[in-house]
Each structure stands twice: as C-alpha cells, then as structure tokens.
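Peer 1: Handing you a structure now.
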C-alpha cells in the first residue's frame with residue numbers, strides 16, 4: 150500500500166510539474182488531472198492507510214478520556 154501511494158503521488162506530481170514546465174497544448178489538463186488525482190485518489194488512500202487500524206474512541210473527548218488526561222497530568226507534576 151505504501152508503494153502504491155508513493156507511485157501515485159509521483160505520477161500526480163509529475164503531471165503537475167510537467168504541465169508547468171512543458172509548453173504543450175494540453176498542459177493545463179495535465180495540471181488539472183494531477184491536482185484531481187492528488188485530492189481524490191492519493192489523499193484518501195493515504196488517510197485510509199494511516200487510520201485503518203486505529204480505534205476512534207481513543208481520539209474522542211469522552212468523560213473517561215478526560216479522567217485519564219487528568220491522571221496523567223497529576224503523575225507528570227510529581
């Protein structure tokens with residue numbers, strides 16, 4: 150998955166840079182497809198890859214997590 154995301158990132162960045170560097174008839178389309186690929190393919194894949202094994206309850210501000218934070222603060226002070 151890491152390699153796929155990295156390859157797609159390089160392809161999108163290559164399209165964007167190629168669109169700016171080469172003065173072609175369709176250079177604006179290369180830039181547009183590169184940006185669309187980044188925002189609609191690469192970023193969602195990256196976010197899914199980073200969060201797929203995480204428990205969302207650990208990041209929610211619940212009463213239980215507030216108590217844990219208070220205990221950690223007390224332990225760090227002493």
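Numbering (the working numbering), first residue to last: 150 to 227. The beta carbon of each residue, even a glycine, is placed where N, CA and C say it ideally should be.
1) Starting from residue 218 and walking both ways along the alpha helix (DSSP H), at which residues does that stretch end?
2) Are there 16 or more other CB atoms within 10 angstroms of the CB of residue 170, so buried, or fewer, so exposed?
3) Could you give the C-beta distance for residue 181 and residue 162, rounded to a whole number, given that I count them as a contact under 8 Å?
4) Does the separation of the CB atoms of residue 166 and residue 191 fall below 8 Å?
5) What residue range is occupied by the uninterrupted alpha helix (DSSP H) comprising residue 197?
6) Report, in whole angstroms, the separation of the C-beta atoms of residue 160 and residue 186, which I expect to be a contact under 8 Å.
7) If we ignore side chains and look at the alpha-carbon of each, how far apart do residue 173 and residue 164 end up?
8) Looking at the unbroken alpha helix (DSSP H) that takes in residue 178, where does it start and where does it end?
Peer 2: Well, looking at it:
1) 212-226
2) In the assembly as shown, residue 170 is an exposed residue. Its beta-carbon has fewer than 16 other beta-carbons within 10 Å.
3) Residue 181 to residue 162, Cβ: 14 Å. No contact.
4) no
5) Per DSSP, the unbroken alpha helix (DSSP H) holding residue 197 starts and ends at 192-200.
6) 7 Å
7) The C-alpha of residue 164 is placed about 12 Å away from the C-alpha of residue 173.
8) 176-186
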